[in-house]
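A short worksheet on the structure shown next.
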Amino acid sequence: MTSKISVLGSTGSIGTQTLDVARMHGIKVTALTANHNIKLLEQQAREFNPEMVCVLDTGAAAQLKIALSDTDIDVFCGEEGIINAAQEKTSDTVVNAIVGVAGLLPTVAAVKAGKNIALANKETLVSGGSIVMKEVKEHNVKLYPVDSEHSAIFQCLQGCPENSLKKIILTASGGSFFGKKRKDLENISVKQALKHPNWSMGAKITIDSSTMMNKGLEIIEASWLFDCKDEDIDVLIHRESIIHSMIQLKDNAVIAQLGVPDMRIPIQYALTYPERLPSPSAELDLSELGGMTFFKPDYETFACLGICREALRKGGLLPTVANAANEVAVDMFLKEQIRFLDISDIVGNAVSEYGNNKDDISLDDIMNTDRETRISIKEKFGSGDDLS
Ligand code: NAD
Ligand code: MG
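Everything in the sequence shown is counted per our numbering, starting at 5 for the first residue and increasing by one.
Right, dumping it as structure tokens:
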């Protein structure tokens, strides 16, 4: 199991839960990074005494440097500083809990530095799956999924012979608007969309759950992690979020992984694999739960699901386009610049209008396409923010 971790995005929902696990099992933390929340980052730095910390925002980093001047902790800033944290020499594993495609370059840097990766940042694989999986192989490192569904699939696969997998059954809570139709979603407020029935998560992924873009991104993520095609991955609505996903084997046996909805279980498994250690999470009591429900997804209302499937089938740069369009659209929705249903329209149009797709793609192609997609949507919607 892992003994020293760098945590990228340590102040977020996954980051703080990763530190819960590290605290419980005495895992040494060697680097911590955040976007701008220096108050929490300072507290974390004082508790875990890493070699270094990094803040994306230069001004906030300067303030943190003063605040930590009584310690030996090095303070870095900017994207370069985050890359330094990803490559921090004493860590064996990098937990990537950054939100968005901003996590891609740090993942690649960490792999190239020979680190194992505990990956929460699904956008890394959605946009850069072909590159990341190639680098993982070349550098002979391990990539452990943290996303609960992918951890569940990984757990179910333990002990299954190679080539025995027939299909993946990716479970989905259905988000805040399960059972609604498009016309019911015309006037959804930010507050309504930020209310998830089962999980407490960062704002971006909570909106992604409400549009079901999250499940679309997870289909693409699963395709890279488990070498599957679109048609090998089913989505099943399971309202209670107790079954975190299932696999169906060639003999039609179905194996599921269950547990309370608590991300510290998959985070811990990624850090202690193959060991099973006590967890800070609660025990599952199925008699108290009473029952579980399952439904087919509604592809008409939740268009992002089908759009992601199309992007996966066509491949190349289309998943990057879908992801970038979604990141911009969610940002604009959170700032009340567009309406809820505009999110899926923006993602759908970006994918169907993209004319420069190709199969053999480089990291530069991905980063350029990501930037161009953001700029063109920003221009179209007249957003004054610098979303590039
Ligand atoms: P969050 O918004 O709570 O935290 C994001 C972290 O990344 C913060 O520490 C923030 O400071 C940092 N960050 C934000 N923008 C950054 C940038 N441009 N560069 C560097 N750092 C930046 O998000 P979260 O909910 O913890 O999600 C993190 C990732 O994990 C996402 O990719 C999400 O899809 C995935 N994930 C989250 C959950 C969950 O339960 N929260 C579950 C499964 C997967
Ligand atoms: Mg998930």
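Glycine included, C-beta positions come from ideal geometry on N, C-alpha and C.
Since we're looking at a predicted model, the values are computed, not measured.
The stretch 64-72 contacting the stretch 46-56, beta-carbon criterion three pairs below 8 angstroms: With the cut-off at 8 angstroms, the stretch 64-72 and the stretch 46-56 touch.
So, are the CB atoms of Val145 and Gly118 less than 8 angstroms apart? At a Cβ-Cβ threshold of 8 angstroms, Val145 and Gly118 count as neighbours.
Of the choices His248, Asn256 and Ile173, whose alpha-carbon is the least far from that of Leu288? Nearest neighbour of Leu288 by Cα position, chosen from His248, Asn256 and Ile173, turns out to be His248.
Among Asp238, Phe385 and Glu244, which one has its Cα closest to the Cα of Pro201? Of the listed residues, the one whose Cα sits closest to Pro201 is Glu244.
What residues in its chain sit with their C-beta under 7 angstroms from that of Gln252, if we drop five residues either side in the sequence? Once the five neighbours on either side are set aside, the close Cβ partners of Gln252 are Lys170, Lys171, Ile173 and Val258.
Taking one C-beta from the stretch 345-353 and one from the stretch 209-218 each time, how about it: are there three or more such pairs within less than 8 angstroms? Verdict: yes, contact present.
Name all residues in chain order for which at least one heavy atom of ligand 2 lies closer than 6 angstroms to the residue's CB. After applying the 6 angstroms Cβ criterion, the set is Asp151, Ser152, Glu153 and Glu222.
Once you ignore the five residues that flank Cys164 on each side, which residues in its own chain have a CB closer than 7 angstroms to its CB? Contacts found: Leu253.
Could you say if the stretch 317-333 and the stretch 361-377 meet the contact criterion of at least three C-beta pairs nearer than 8 angstroms? Contact holds between the stretch 317-333 and the stretch 361-377, because three or more Cβ pairs, one in each stretch, are under 8 angstroms apart.
Cβ-heavy atom distance between Val112 and ligand 1 below 7 angstroms? Checking the Cβ of Val112 against ligand 1 gives no.
Tell me whether Met267 counts as near ligand 1, meaning its Cβ is closer than 7 angstroms to at least one heavy atom of that ligand. Using a cutoff of 7 angstroms, the CB of Met267 counts as near ligand 1, since one of the ligand's heavy atoms is closer than that.
Kindly indicate which residue of Ala328, Asn120 and Val11 has the alpha-carbon position closest to the one of Ser380. Distance from the Cα of Ser380 is smallest, within the candidate group Ala328, Asn120 and Val11, for Ala328.
Would you report the Cα separation of Ile9 and Lys141, rounded to the nearest angstrom? Looking at the two C-alpha atoms, the distance is approximately 21 angstroms.
Nearest candidate by alpha-carbon position, reference Met296, set Pro270, Ala26 and Ile241: Ranking Pro270, Ala26 and Ile241 by Cα distance to Met296 puts Ile241 first.
Less than 8 angstroms between the beta carbons of Ala113 and Thr97, yes or no? Their beta carbons are not under 8 angstroms apart, which means Ala113 does not touch Thr97 by this criterion.
According to DSSP, is Asp255 helix, strand or coil? Reduced to three states, the DSSP call for Asp255 is coil.
Between the stretch 18-31 and the stretch 69-85, are three or more C-beta pairs nearer than 8 angstroms? For the pair of segments examined, the stretch 18-31 was found not to touch the stretch 69-85: the number of CB pairs separated by less than 8 angstroms stays below three.
For Ala65, the three-state DSSP class (helix, strand or coil): Helix.
If you pair each beta-carbon of the stretch 56-63 with each one of the stretch 24-40, do three or more pairs fall below 8 angstroms? Judged by Cβ distances under 8 angstroms, the stretch 56-63 makes contact with the stretch 24-40, as three or more pairs qualify.
Leaving out five residues on either side along the sequence, give the residues of the same chain with a beta carbon under 7 angstroms from the beta carbon of Asp390. Bear in mind that the predicted position of Asp390 carries a pLDDT of just 49, short of 50, making it unreliable; the figure below should be weighed with that in mind. The beta carbon of Asp390 sits closer than 7 angstroms to no other beta carbon from its chain once the five residues preceding and following it are set aside.
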